[in-house]
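Note sheet for the following structure.
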Amino acid sequence: MNYDIIVIGGGPAGYTIASLAAKGGLKTAMIEKKKVGGTCLNIGCIPTKALISRASLIKKIKNSKSGIHIDGFSINMEEISNDVRAVTDSVSKGVEFLLNKNKVDIISGEASIIDKNTINVNGSEYKSDKIVIATGAKPADFSRFLKPNISKDEIAKNKIITSSDALFLNEVPKSIAIIGGGAMGVEFAYIFNALGSTVTIMEYFDNLLPNMDSECGKTLERLFTRSGIKVIASANIKLVDNENGINKINYEKNGKSEVVESEYVLFTNGMVANSDGLGVEKLGVEKANNGRIIINNNFQTNIDNIYAIGDVAAGYPMLAHVAYHQARNCINHILNRPIIYDLKYVPSCIYTEPEVASVGLSEREVKEKNIEHKVLKTFFKASGKASAIGMNDGFVKIIVDNGGTILGTSVVGYSATEIIGTICVAIKNSIKIDDINSVMLPHPTIVESISDTAKIFLDETL
Ligand code: FAD
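Counting along the sequence shown from 1, when you hit position 77 you're at 77 in this note's numbering, and nothing is skipped either side.
Set out below in C-alpha cells:
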C-alpha cells in the first residue's frame, strides 16, 4: 500500500498530524500498536485528571463544614477505576471517529522502519513519501533502585508500580511512597492522600516541582504537609527492598541514611522516549544521549523525509500541548504553509488542589540572566471569590522588566491552570502589564487576581 504520509503513533502528536494531513489532501495512514489517543488520553493527562476530580470530591466531602454534614460515605476503588477507564475509552473513541471522518487509515500493530520509505507492520509493508515518528515516551526504568535481577513478577507482587498502574488500582493503598516530586508525583500524592492512603513523597532536589519557580514547590509542600502528606526533599534514593511484604525505601538525606516503609512504591522518576526497536538506528537517524530523536526547526530528522514530533523528539518538554503545536507546525511545513504555532512559551500546569501553573521565566531564571525586573505578587487570601468558595490558598506572582513587559508568571491557587491562559496570550503577544491593568475583568472571579497583581506595577492597589 502506498501513502503520501505515514504517522507512527496515535497520541496527541500522531493523531493531530494524521488528521490534518488527511484534511490537507494527503493520503494518510496512522499506525498505533496500543490504543488511539496514546499516553495522554489513555494513561496520562486524561485519566489523571479524571482521578483528580474524584479525589477533589472526596476531599470536599471529608472537609465539609459549616452546617453541611455528610455521614457514612464510602469509596470503591474498583468502581472508580472502571469509571476512569470509561472516560479514557470515550475520549479515545472520539479521536478515532475524527480520524475515520477525515479518512485516515488506522493500522493496528507495531511499526518498524525498514528504509526511508518503507514501514513494516505485522509482516505487511507500507510505502510512504513521508514518515512521521510520533511514538511518544514511557515511564523511565527504575531497576537501578531495586535489588539486582529482581523479576517482573516479584516487582508486581511487592506493589512497586509506575504511573500506568497507579491509575487503575483496585484497592486504596494503605500507604504509598512516591519517588519523584515533579508534576506526576505531586498529582498522585494529592490523589492518594484524598483517597485515604498514608502518602510520602520523596524528591531528589530541595523542593517539590524543581523545574518551576521555587515558591511554587515550597507552597505546595506547606499545603501538602497540612493535609497530612509527608514530603521528604533532598532525598537520594539508594535501594527499595521488601521485607515481609513491606517495602523499605532506603535513602540518604544530608549525609544520613534513612528509611521509609510503605505498602506501595510508585516511581515517577521521568519518562524516556520510545525510540528503540523502531529501526531508526539502522537508518542512521540521529538521537540525543537521552534517546530522543534530534530534529531541525521543521521537525525533520537528519533524513529529510523522516520527521519526529511529540515526546519522542528532542528539545522540548514532554507535554501534550507541545505535541499538538509541533504536529500543527510540522504539517504546515509539509504542506508548504507558514509555521505559525508558537513553541517559545510553554505553560507548565499541575492539577493538584490548589493547582500550580507557570509560563515564561521564573524568578531564579530572571536573576541568572541578570535582567532588571520587578516582582508583583498578591495572595488569594485577598480574593473575594477565593474566600467565598473556601479555596484561598496560594498566590499570583508576575515578573516584569522595568518597562512593564511580562517575563514570567507563576500561580498557585484554585483554577491556576485556567487563569494562566490569560498570561499565555499576554506574554506571547508582548502585552504590557498596564494593558492588563486596564482590562475590565468580571467580579467575583479568580482571574481578577491577575489584574489585581498587575495594579501593583502602577502603585494602584488599595
Ligand atoms: P504518546 O501520547 O505517548 O503517543 C505515542 C503513541 O505511539 C502511543 O500510543 C504508543 O502506543 C504508540 N507507539 C509507540 N511505538 C510504536 C510503534 N513502534 N508502532 C506503533 N505505535 C507505537 N501532558 C500534559 O500536557 N498535561 C498533563 O496533564 C499531563 N499529564 C500526564 C500524566 C501522566 C501520568 C503521564 C504519563 C503523562 C502526562 N502528560 C501530560 C504527558 C503527555 O501524556 C505526553 O506529553 C503526550 O501524550 C505526548 O504525546 P505523543 O503523541 O508525543 O506521545
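Virtual Cβ for every residue (Gly too), placed ideally from N, Cα, C.
A Cβ-Cβ separation of about 7 Å places residue 355 in contact with residue 415 under the 8 Å criterion. With 16 or more other CB atoms across the displayed protein chains lying within 10 angstroms of its CB, residue 35 is buried. Rounded to the nearest whole angstrom, the C-alpha separation of residue 447 and residue 421 is 10 Å. Residue 111 and residue 310 do not touch by the CB rule: their CB atoms are close to 15 Å apart, not below 8 Å. Burial is judged here by how many other beta carbons sit within 10 angstroms of a residue's own beta carbon; residue 427 has at least 16 and is buried. According to the DSSP assignment, residue 126 belongs to the beta strand (DSSP E) that extends over 124 to 133. The secondary-structure analysis by DSSP pairs residue 2 across a beta bridge with 127. The three-state reading of DSSP puts residue 275 in coil, since its state is none of H, G, I, E or B. Cβ atoms of residue 104 and residue 156 stay farther apart than 8 Å, at about 36 Å. Below 8 Å, too few C-beta pairs join the stretch 284 to 302 and the stretch 207 to 219 to call them touching: fewer than three. Along the length of the stretch 172 to 212, whole alpha helix (DSSP H) runs at least 4 residues long occupy 183 to 195, reported in chain order. Within the chosen limit of 7 Å, the ligand FAD does not reach the beta carbon of residue 105 with any heavy atom.
DSSP places residue 422 in the uninterrupted alpha helix (DSSP H) bounded by 416 to 428. The shortest C-alpha to C-alpha distance from residue 322 to any of 17, 343, 305 is the one to 343. CA-to-CA, the gap between residue 26 and residue 124 works out to about 21 Å. Apart from the 5 residues on each side of it in sequence, residue 81 sits with its Cβ closer than 7 Å to the Cβ of 168, 169, 170 in its chain, given in chain order. Shortest gap from the CB of residue 312 to any heavy atom of the ligand FAD: under 7 Å. The continuous beta strand (DSSP E) containing residue 236 extends over residues 236 to 243. Contact between the stretch 368 to 376 and the stretch 398 to 412 is present: 3 or more CB-CB pairs across the two stretches fall below 8 Å. Out of 59, 324, 409, the CA that lies nearest to the CA of residue 227 is found in 59.
In this structure, residue 10 has its beta carbon less than 7 Å from a heavy atom of the ligand FAD. Going by DSSP, residue 322 is part of the alpha helix (DSSP H) stretching over 320 to 334. Where residue 250 is concerned, the enclosing beta strand (DSSP E) starts and stops at 246 to 253.
Relative to the Cα of residue 130, the nearest Cα in the group 203, 306, 242 belongs to 306. If you look at residue 356, you'll find it isn't in any alpha helix (DSSP H); it sits in the beta strand (DSSP E) that goes 355 to 360.
By the 16-neighbour rule on beta-carbons within 10 angstroms, residue 337 is exposed. The beta carbon of residue 437 is closer than 8 Å to those of 451, 454, 455, 457, 458, 460 in its chain, skipping five residues each way along the sequence. When DSSP assignments are scanned along the stretch 354 to 406, the uninterrupted stretches of alpha helix (DSSP H) that are 4 or more residues long and fall wholly within it turn out to be 363 to 368, 384 to 388.
For residue 40, the distance from the CB to the nearest heavy atom of the ligand FAD is below 7 Å. At least one heavy atom of the ligand FAD falls within 7 Å of the beta-carbon of residue 45. With 16 or more other CB atoms across the displayed protein chains lying within 10 angstroms of its CB, residue 84 is buried. DSSP assignment within the stretch 21 to 62 yields the following whole beta strand (DSSP E) runs of 3 residues or more, N-terminal first: 28 to 32. Inter-segment contact for the stretch 142 to 155 and the stretch 49 to 69 is absent: fewer than three beta-carbon pairs are separated by less than 8 Å. Counting along the chain, residue 165 sits inside the alpha helix (DSSP H) bounded by residues 163 to 166.
The nearest non-hydrogen atom of the ligand FAD is 7 Å or more from the C-beta of residue 357. At least one heavy atom of the ligand FAD lies closer than 7 Å to the C-beta of residue 32.
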